[in-house]
Amino acid sequence: MTLRMEPAEAAREVRSFVLVVLTYRCAMAELSGTDAKYRSGAWEALEAAAPAGEADALFGYVFGFARSLLAVTERPLEWRRTYCAHLCRDEWLAVSMIDAAQRGDASGLLGAAAELVGPEALGDALHAAQT
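For the record, in the sequence shown the residue sitting at position 13 is 12 according to numbering that gives the first Met the number 0, with numbers rising by one throughout.
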């Protein structure tokens, strides 16, 4: 037996996923020094999608998470431009960390973090994902 989502619930899940990926990509572009214009794109997307008054906090969380990952990783992180339809491995692992943290899946969070930043930097990356 399979559990199926109601169409409205599935649509919310897809919108949330796209929003996380878009804002993560904007944060990576901004923080990597590639393009500063993406900060406003992330802000506009969050402001349009988040409940009133919550966009500011979400913006800070996404940028804080990306900043923490960039600070602790043992290698340069890869990311795609906002218009790219596919996730690269690093993006998939970062989004997996966020998803696992929100669901309380410690095993999934640890696995994704270890793959993304390396075992030595796990503490900082885990803290960033859970805020």
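Where is the CB? At the ideal position from N, CA and C, for every residue including glycine.
Assumed close pair residue i, residue j - CB separation to whole angstroms, cut-off 8 angstroms
{"i": "Ala44", "j": "Thr22", "result": "6 angstroms"}
{"i": "Ala26", "j": "Ala41", "result": "6 angstroms"}
{"i": "Arg80", "j": "Leu30", "result": "About 15 angstroms; that fails the 8 angstroms criterion."}
Spatial distance of residue i from residue j (CA atoms)
{"i": "Tyr37", "j": "Tyr82", "result": "12 angstroms"}
{"i": "Val116", "j": "Leu68", "result": "7 angstroms"}
{"i": "Arg102", "j": "Ala112", "result": "15 angstroms"}
{"i": "Ala70", "j": "Ala10", "result": "34 angstroms"}
{"i": "Glu119", "j": "Leu108", "result": "15 angstroms"}
{"i": "Phe58", "j": "Glu46", "result": "9 angstroms"}
{"i": "Met0", "j": "Glu12", "result": "Unreliable placement is indicated for Met0, whose pLDDT of 44 sits below 50; no coordinate value is reported for it."}
Beta carbon of residue i nearer than 8 angstroms to that of residue j
{"i": "Val17", "j": "Val94", "result": "no"}
{"i": "Arg14", "j": "Ala48", "result": "yes"}
**Report entry** Every unbroken alpha helix (DSSP H) within the stretch 67 to 113, with a cutoff of 4 residues, ordered by chain
**Finding:** 88 to 102
Requested in this report: Could you tell me which uninterrupted alpha helix (DSSP H) segments, each at least 4 residues in length, are contained entirely in the stretch 15 to 59, listed from first to last along the chain?
Outcome: 37 to 48
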